[in-house]
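J.: When we follow full-length UniProt numbering, the leftmost residue of the sequence shown carries the number 1, and every step to the right adds one. Think of the CB as a built atom: it goes at the ideal place given N, C-alpha and C, for glycine as much as any other residue. Dropping a structure here in structure tokens format, bear with me for questions.
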Amino acid sequence: MLSHGLLPGVVQVPHNGQPIVLMNDAQTTGGYPRIACIIEADIYQLAQIPLGQPIHFVPCSLEEALKARADQQRYLEQLAWRLSDEN
1 MLSHGLLPGV
11 VQVPHNGQPI
21 VLMNDAQTTG
31 GYPRIACIIE
41 ADIYQLAQIP
51 LGQPIHFVPC
61 SLEEALKARA
71 DQQRYLEQLA
81 WRLSDEN
């Protein structure tokens, strides 16, 4: 398999069949088959799961992924506003 570009959230499957989810510290290219991608809004939750703990994947549409990202951005903006010195 040819090497290809990678982004945080890509799920690769090496020869042993155990999926690997690439996070922010992942390499930039790889050659394992890619089977999925974790949506941007969920990567922070995945980072909190202990190593080796089983997870399951739920398919979502592009529209659902975009809404989740917008909801997360809105939450972070509200949090920043509440924590700012101006309030």
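Near Pro54, which residues of its chain fall below 7 Å by C-beta distance, leaving aside the five closest residues on each side in sequence?
T.: Working through the sequence shown from its first residue, we reach residue 54 at position 54. So no residue of the chain qualifies.
J.: Rank Gly9, Gly31 and Arg34 by C-alpha distance to the C-alpha of Asn24 and give the top, closest one.
T.: To locate residue 24, count along the sequence shown from 1; it is residue 24. Taking only the C-alpha atoms, the option nearest Asn24 is Gly9.
J.: Please classify Ala41 as buried or exposed, where buried requires at least 16 other C-beta atoms within 10 Å of its C-beta.
T.: Along the sequence shown, read from residue 1 onward, the residue named residue 41 stands at position 41. It is buried - the Cβ of Ala41 has at least 16 other Cβ atoms within 10 Å.
J.: Which stretch, first to last residue, makes up the beta strand (DSSP E) that contains Ile35?
T.: On the sequence shown, position 35 is the one that residue 35 refers to. Arg34 to Cys37 is the extent of the beta strand (DSSP E) around Ile35.
J.: Figure out for me which residue from Ile43, Leu83 and Asp85 has the closest Cα to the Cα of Ala68.
T.: Taking the first residue of the sequence shown as 1, we reach residue 68 at position 68. That would be Ile43, whose Cα lies nearest to the Cα of Ala68.
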